[in-house]
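Visitor: Numbers in the numbering used here are just positions in the sequence shown, counted from 1, shifted up by 38.
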Amino acid sequence: CNWLLQPEDTPDSSFPAWHLVLMTTFEYTQTFIPLPYKTVTSGVLMFKSTDETTEPDIQGYLSNPETLAVLNRYGREGWELVNVQQINRGHERFGNQNAQAWAVGYAISTGFLFFFKRSTASMTSLDKPSQT
39 CNWLLQPEDT
49 PDSSFPAWHL
59 VLMTTFEYTQ
69 TFIPLPYKTV
79 TSGVLMFKST
89 DETTEPDIQG
99 YLSNPETLAV
109 LNRYGREGWE
119 LVNVQQINRG
129 HERFGNQNAQ
139 AWAVGYAIST
149 GFLFFFKRST
159 ASMTSLDKPS
169 QT
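#1: Apart from the five residues on each side of it in sequence, which residues of its chain come closer than 8 Å, Cβ to Cβ, to Phe150?
#2: Can you list, in chain order, the residues of its chain whose CB lies under 8 Å from that of Ser87, leaving out five sequence neighbours each side?
#3: Could you pull the DSSP bridge partners for Gln124 from this structure?
#4: If you run the structure through DSSP and keep just helix, strand and coil, what is Ala141?
#5: For Trp117, is the classification buried or exposed, using 16 other Cβ atoms within 10 angstroms of its Cβ as the cut-off for buried?
#6: Kindly indicate which residue of Gly128, Val142 and Arg127 has the alpha-carbon position closest to the one of Asn134.
#7: Quick one: what's Arg111 bridged to in DSSP?
#8: State the DSSP-derived secondary structure class of Leu119, mapped to helix, strand or coil.
#9: Could you give the DSSP three-state label for Pro74: helix, strand or coil?
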């Protein structure tokens, strides 16, 4: 919280009367938490391969202890969650079927940006008014 002195006009004096005004200031931070995607395994033995699908692993995301640990750490430090923004990337697929080429493009989420704020505890000088 900041204390600011602000002038107040008085009708009987050419000198303004000063009064205190409480002003809350904030600081902000953000963090990114990636969204995992389900994988599919194909092939056998040494020819096995694991590929990421375009289906998000919501259960894996929600059950990941690291996801909540990050949010709880910010909460313990006095940060308030004020916004969440999904971050997307373009994804495209190309193909050729019966000599006809095709392409599909769409956006998939890579994760989420979490925005936090907390009030700052600095005091301004009370002996003279702010020049703002």
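Even glycine gets a Cβ: it sits at the ideal position worked out from N, Cα and C.
Fair warning: this is a prediction, and the values are worked out from it, not measured in the lab.
Guide: Short version:
#1: Residue 150 sits at position 112 when you count from the first residue of the sequence shown. Taken in chain order, the residues that qualify are Phe70, Ile71, Leu73, Val122, Gln123, Gln124 and Ile125.
#2: To locate residue 87, count along the sequence shown from 1; it is residue 49. Excluding positions up to five away in sequence, the list reads Thr79, Ser80 and Gly81.
#3: Along the sequence shown, read from residue 1 onward, the residue named residue 124 stands at position 86. Beta-bridge pairing links Gln124 to Phe150.
#4: Here residue 141 refers to the residue found at position 103 of the sequence shown. The answer is strand: DSSP assigns Ala141 an E or B state.
#5: Position 79 of the sequence shown, counted from the first residue, corresponds to residue 117. Taking a 10 Å sphere around the C-beta of Trp117, we find 16 or more other C-beta atoms and assign the residue as buried.
#6: One-based indexing of the sequence shown puts residue 134 at position 96. Relative to Asn134, the option among Gly128, Val142 and Arg127 whose CA is nearest is Val142.
#7: As a working mapping, residue 111 is identified with position 73 in the sequence shown. BP columns for Arg111 are empty, so no partner.
#8: Reading the sequence shown from its first residue, position 81 is the one you call residue 119. The answer is strand: DSSP assigns Leu119 an E or B state.
#9: In the sequence shown, the residue the question calls residue 74 occupies position 36. Coil.
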